[in-house]
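So in this note's numbering, spot 190 of the sequence shown is number 328, and the numbers just go up one at a time.
All C-beta atoms, glycine included, are put in the ideal place defined by N, C-alpha and C.
All figures in this text were calculated on a predicted structure; none of them were measured in a lab.
Okay, structure first, notes after.
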Amino acid sequence: MASGFFVLLDDIAAIMDDVAIMSKVAAKKTAGILGDDLAVNAEKASGFMSSRELPVLWAIGKGSLLNKLIILPIAFLLSGFFPLGVLIVLVLGGLYLAYEGAEKIYEYLFHRGHAVTETVIKEYTEEEILALEKDKIKSAIVTDFILSVEIVIIALGTVMEKPLFSQIVVVSIIAMLATVGVYGIVAMIVRMDELGYKMIKQSKNDRSLLKIIGNILVQALPKVIKSLAVIGTIALLLVAGGIFVHNIEFLHHLFPQLPSVIKEFCVALIIGFLSVGIVNVFKKITGKK
């Protein structure tokens with residue numbers, strides 16, 4: 139009996155070791171999506187009154203958790219009964235990511251000069267502010283749902299050959315870490331300026347270290363968010379390219395002499411710009427903007 143108990147403990151330890159290794163691999167595979175998720179949510183959670191930033195972020199975080207609770211069972215059912223469905227969703231998600239990444243580059247290259255030059259200053263009532271806040275939260279949760287699907291499917295794709303129990307544990311860990319990690323970091327980012335202002339107020343003279351650091355934090359916030367947007371766009375394309383190259387046989391064997399990073403980025407960029415072109419043509423035909 140004792141020996142059987144220790145064998146069971148050894149088996150459990152081995153399973154947990156496997157789960158830890160698989161979780162690390164899945165985390166690496168989903169890092170690009172997490173980067174974009176971080177950039178998107180940092181942008182959406184900023185721009186509110188200081189007192190409302192954390193409540194808004196908390197509301198988006200709860201929505202993100204609910205998204206994953208909806209997505210996870212569906213993903214495991216696909217894995218158990220229709221594994222091909224996981225691959226289909228993965229490639230379709232890659233197509234969306236390539237489109238989104240290419241669209242950001244297209245907008246930057248061709249629509250930068252079309253920004254509105256006049257700003258209309260309007261006083262909003264408290265009810266209007268709450269309504270705008272609610273709309274922004276809804277938009278963020280919808281975007282999070284799409285990114286969460288990709289995080290879950292990419293993580294699941296790394297453990298498809300493993301037993302169902304291992305799939306459930308690994309993917310659930312990645313999903314929960316994505317929510318806690320991303321929104322925890324976003325909370326710190328959006329409060330950078332608030333911390334900076336507090337440090338400036340507490341400083342006793344203009345040359346104090348406290349004031350210098352405070353000024354750096356205040357000035358760094360918009361730059362950090364812009365940098366995350368750039369990094370997130372590159373990450374989107376690399377993740378999409380990796381999905382295409384590793385799951386489409388023709389692309390996998392195309393240009394084997396190229397470094398994988400360059401190959402994946404170029405493939406995603408080409409497919410992304412083709413998608414942007416098709417969508418723009420469709421918009422013109424239907425008269426949508």
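Query: Unbroken alpha helix (DSSP H) run spanning L348, endpoints; Result: L347 to N385
Query: Three-state secondary structure (DSSP) of V254; Result: Residue placement at V254 is poorly supported in this model, since its pLDDT is 45, which falls under 50; the coordinates still yield a value, given next. DSSP places V254 in coil when its eight states are reduced to three.
Query: Spatially closest choice to D331 from Q357, S341, Y321 and I312, by CA coordinates; Result: Q357
Query: Closest by C-alpha distance to A278, when choosing among L203, L396 and A240; Result: L203
Query: Cβ contact check for the stretch 375-390 and the stretch 227-243: 3 or more pairs under 8 Å; Result: yes
Query: Three-state secondary structure (DSSP) of M330; Result: helix
Query: Touch test, the stretch 397-415 against the stretch 239-247, Cβ-Cβ under 8 Å, three pairs minimum; Result: yes
Query: Option nearest L294 by Cα separation, candidates S398, P301, I209 and Q305; Result: Q305
Query: Simplified DSSP state of Q395, which is helix, strand or coil; Result: coil
Query: Inter-residue spacing [alpha-carbon to alpha-carbon] between I323 and I369; Result: 15 Å
Query: Between the CA atoms of L268 and K274 - distance to the nearest angstrom; Result: 10 Å
Query: Simplified DSSP assignment, three categories, for V297; Result: coil
Query: Helix, strand or coil at S217 [DSSP, three-state]; Result: helix
Query: Neighbourhood of A325 by C-beta, 6 Å cutoff - its chain only, sequence neighbours within 5 removed; Result: L195
Query: Beta-carbon spacing of I292, L228 below 8 Å; Result: yes
Query: Buried/exposed call for V254, threshold 16 Cβ in 10 Å; Result: Bear in mind that the predicted position of V254 carries a pLDDT of just 45, short of 50, making it too unreliable to give a figure here.
Query: C-beta contact flag for V290 and K342 at 8 Å; Result: no
Query: Straight-line Cα distance separating R329 from E256; Result: Unreliable positioning characterises E256 in this predicted model, as indicated by a pLDDT of 42, which lies under 50. The coordinate reading is nonetheless provided below. Computed Cα separation, rounded: 29 Å.
Query: Beta-carbon proximity check, T296 vs G199, cutoff 8 Å; Result: no
Query: Assigned exposure category for V308 - 16 Cβ within 10 Å defines buried; Result: buried
Query: Closest Cα partner of L348 within the set P394, F248, L333 and K361; Result: L333
Query: Backbone CA spacing between E265 and I363 [nearest angstrom]; Result: 28 Å
Query: Residue burial classification, G425 (beta-carbon count within 10 angstroms, cutoff 16); Result: exposed
Query: Proximity below 8 Å, CB of L225 to CB of N385; Result: yes
Query: DSSP-derived helix/strand/coil call for G115; Result: Coverage of the chain is limited to positions 139 through 427, which leaves residue 115 absent and any answer about it impossible.
Query: Rounded Cβ spacing between R190 and E271 (contact assumed at less than 8 Å); Result: 7 Å
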